[in-house]
Amino acid sequence: MNDTGTGKKTGAQTSGASELATVLAASGRQGKRSRWRGRLFILLILVASAAGAAYFYMGRGQSEVNYATQPAKRGDLTVLVTATGSVQPTEQVDISSELSGTVRDVNVDYNSTIKAGDVLAQLDTNKLEADVKSSRAKLNSAKANVAKANADLQSASTSLERLKSLVRSNVSTQQSLDDATYKYDSAVAAKQINEAEVLASEADLQLAEVNLAKAKIVSPIDGVILTRAVNPGATVAASLSAPILFTIAGDLKKMELQVDVDEADVGQIAVGQKAKFSVDAYPDRSFPAEIEQIRFASEVVNNVVTYKAVLSVDNADLLLRPGMTATADVTVEAVKDTLMVPNTALRYAPTQAGRRGRGIFGIFGPPRQRGGGNSGQALTGAERRVWVLSDGRPSPVVIQVGSSDGQFTQVVSGDLKDGDALVTDATTRAN
Numbered sequence: 006m007n008d009t010g011t012g013k014k015t016g017a018q019t020s021g022a023s024e025l026a027t028v029l030a031a032s033g034r035q036g037k038r039s040r041w042r043g044r045l046f047i048l049l050i051l052v053a054s055a056a057g058a059a060y061f062y063m064g065r066g067q068s069e070v071n072y073a074t075q076p077a078k079r080g081d082l083t084v085l086v087t088a089t090g091s092v093q094p095t096e097q098v099d100i101s102s103e104l105s106g107t108v109r110d111v112n113v114d115y116n117s118t119i120k121a122g123d124v125l126a127q128l129d130t131n132k133l134e135a136d137v138k139s140s141r142a143k144l145n146s147a148k149a150n151v152a153k154a155n156a157d158l159q160s161a162s163t164s165l166e167r168l169k170s171l172v173r174s175n176v177s178t179q180q181s182l183d184d185a186t187y188k189y190d191s192a193v194a195a196k197q198i199n200e201a202e203v204l205a206s207e208a209d210l211q212l213a214e215v216n217l218a219k220a221k222i223v224s225p226i227d228g229v230i231l232t233r234a235v236n237p238g239a240t241v242a243a244s245l246s247a248p249i250l251f252t253i254a255g256d257l258k259k260m261e262l263q264v265d266v267d268e269a270d271v272g273q274i275a276v277g278q279k280a281k282f283s284v285d286a287y288p289d290r291s292f293p294a295e296i297e298q299i300r301f302a303s304e305v306v307n308n309v310v311t312y313k314a315v316l317s318v319d320n321a322d323l324l325l326r327p328g329m330t331a332t333a334d335v336t337v338e339a340v341k342d343t344l345m346v347p348n349t350a351l352r353y354a355p356t357q358a359g360r361r362g363r364g365i366f367g368i369f370g371p372p373r374q375r376g377g378g379n380s381g382q383a384l385t386g387a388e389r390r391v392w393v394l395s396d397g398r399p400s401p402v403v404i405q406v407g408s409s410d411g412q413f414t415q416v417v418s419g420d421l422k423d424g425d426a427l428v429t430d431a432t433t434r435a436n
C-alpha cells in the first residue's frame, strides 16, 4: 500500500515539475521579447530626439546667402600703362667760363629771352688786351727778322754766284767759294728760322685774340635763361669742374616728358603711341603727348628696374614749366564694342560656408559643389571661370579672356552674354 501511494505521489510531483518548467520557459522567452522591445523603443526615442534636434538646428542655424553681382556689358576697352616723370626742355645748355678772371658785366637775368650769340656776361679784359698787343708786337718783330733774313740771303746768293764765276776763271780760290757757299746756306737757315718765328708769333696772337673773345660769355642757342649764378665783380676760375654760370633752355613751346616705365610694362609701349598726362599745377587738365623714344639703358632705384621713355609735348601756351612732375597714361591698346566682365567677378570663388540648408543629410553627408559639375574643370591658358546668378543660384561659366584695363577684362569667347549677372561677392546671414 505504502509503495503504491508513494509511486502515485512521485508521478504527480514529476508532472507538476514539468508543467512548472514549461511555464518558466515560456515566461523567459516572453521576458526576452519584452527586453528587446524595450531596447528598440529606447532606440526609437533616441532617433526621434536626434531628428528633432537636427530639425531644430536646421531651422535655427540655416544661413541665407546674399550675392553681390555686376553685369557683363559691351563697351570700349582701353588698356593703359601709367608712368611718372617730369617735364623737361627739349634742349638745355649749361654755360661756364673757359677763362679765369673777374666778371665785369652781366647782361641777362632769370627768364630773359635770348638769341644765339647774345653776350650774357663780360670778363675784365685789361690783361687779355695787353696779351694781344704783346703778341702782335712779337709778330711784327718776327716779320722784320724775316725781311732781314731775306736780304741776307739775297746778298749771300749774289756773292756765291760771283765767286763761282771767278773760280771758273781761276781768278778766285776754292776756299773763297766754300766760304761763300757756307754764308749762303746760313742765310737760308736763318730765313727759315725767322719764318717759323713768324708762324709761332701769329699763333700766339691768334690765341690772345681768342682769349679776348672768350671774355665775352655768349649764348650758343636761342632760348630762355633758367638760372643765373653770377654777379658783377665775382671771380671765376676755369677748370674741369668750373661752376655753371647760366642754364639756358631752348624753345619752351616744344618740350618733352621723361617718364620711368616699369620693366613689367616696357614691353607694351612703343614709339608713336599716344598718351595723356597731368601735372599738379593743373589737376583738372590733361595734356596730350606722344612717345618718340624708348631708351635701352635701364635705371635701378631701390631694386626697381625702370626704362626711360621720352614723349613729345606741345607747350604753345607756355603753361608747362621745366621740372614739373607729371603722371602719364599711355594708351597701349584700344578695343571697340567688346564684351567685358568686371575683374572682381574673375576673382570670385564660392566657399562651403555660404551653402544653404540641405536637410539632415546636409549636416553629416559629404559637401557638394555649387553651380554644376564643371566648377572643378581644370583651366588652361587664358581661360577663367565666372559665376552667373540665375534664379538665385550661381552657375559656373568658363570664358576665354583677352586684354584688361585693371577694372574690366575683355571676353574673347565663352557662353556669356551682355547683361548676365556675374557674382562678385557673397555674404551669409544666419536665420
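Positions in the sequence shown are counted from 1; adding 5 to them yields the working numbering. No residue lacks a Cβ here, since even glycine has one placed at the ideal position from N, Cα and C.
So if DSSP puts residue i in a beta bridge, which residue, or which two residues, is it bridged to?
i	result
Glu261	Gln93, Ser317
Tyr312	Val266, Ser303
Ser409	Thr414
Ser395	Arg398
Val70	Thr433
Pro76	Ala426
Glu295	Lys279, Ser317
Arg390	Val403
Ala126	Val111, Ile222
Leu51	Answer is none; Leu51 lacks a bridge partner.
Val86	Val335
Val284	Tyr287, Ala331
Val2	The chain is shown only over 6 to 436; residue 2 falls outside these bounds and no answer can be derived.
Taking only three categories from DSSP, how would you classify residue i?
i	result
Asp342	strand
Glu134	helix
Glu103	coil
Leu144	helix
Gly255	coil
Ala154	helix
Thr349	helix
Ile404	strand
Tyr115	coil
Leu325	coil
Leu458	Look at the range of the chain in this structure, 6 to 436, and you will see that residue 458 is not part of it.
Thr163	helix
Leu384	coil
Ala333	strand
Ala149	helix
Gly378	Reliability of the predicted coordinates at Gly378 is poor, the pLDDT of 42 falling under 50, and the value obtained from them is presented with this limitation in mind. In this structure, Gly378 counts as helix in the three-state DSSP scheme.
In chain order, what residues of the same chain lie with their CB nearer than 7 Å to the CB of residue i, ignoring the 5 residues before and after it?
i	result
Asp267	Thr311
Asn199	Ala147, Asn150, Val151, Ala154
Leu168	Ser177, Ser181, Leu182, Ala185
Lys341	Asp81
Gly419	Val402, Val403, Ile404, Gln405
Tyr72	Leu394, Pro399, Val428, Ala431
Tyr353	Trp392, Val428, Thr429, Asp430
Within its chain, find whatever has a CB closer than 6 Å to the CB of residue i; leave out the 5 residues flanking it on each side and keep chain order.
i	result
Asp227	Lys120, Ala121
Thr343	Leu82, Gln415
Val223	Gly122, Val124
Arg290	none
Ala213	Asp136, Val137, Ser140
For residue i, collect the residues of the same chain with a Cβ closer than 8 Å to its Cβ; drop the 5 residues on either side in sequence, then sort them by chain order.
i	result
Asp334	Leu85, Val86, Thr87, Ala280, Lys281, Phe282
Met345	Ala77, Lys78, Arg79, Gly80, Leu82, Phe413, Thr414, Gln415, Val416
Glu261	Val92, Gln93, Pro94, Thr95, Glu297, Val315, Leu316, Ser317, Val318
Ser303	Glu268, Val310, Thr311, Tyr312
Ala195	Ala154, Asp157, Leu158
Hey, is residue i's beta-carbon within less than 8 Å of any beta-carbon in chain B?
i	result
Thr240	Looking at the structure shown, chain B is missing, and only one protein chain is on hand.
Okay, do the stretch 225-237 and the stretch 278-289 touch, 3+ Cβ pairs below 8 Å being the bar?
-> No, the stretch 225-237 is not in contact with the stretch 278-289.
Considering only residues of the stretch 171-250, which uninterrupted beta strand (DSSP E) runs meet the minimum length of 3 residues and lie entirely inside it, listed in chain order?
-> 221-223, 228-233
Does the pairing of the stretch 80-97 with the stretch 199-219 give three or more beta-carbon distances under 8 Å?
-> no
Check whether the stretch 292-303 touches the stretch 271-280, taking contact to mean three or more Cβ pairs, one atom from each stretch, closer than 8 Å.
-> yes
Touching or not, the stretch 390-402 and the stretch 423-432, by the rule of three or more beta carbon pairs under 8 Å?
-> yes
For the 8 Å Cβ check, are there 3 or more pairs between the stretch 87-96 and the stretch 247-258?
-> Counting Cβ pairs under 8 Å, three or more are found: they touch.
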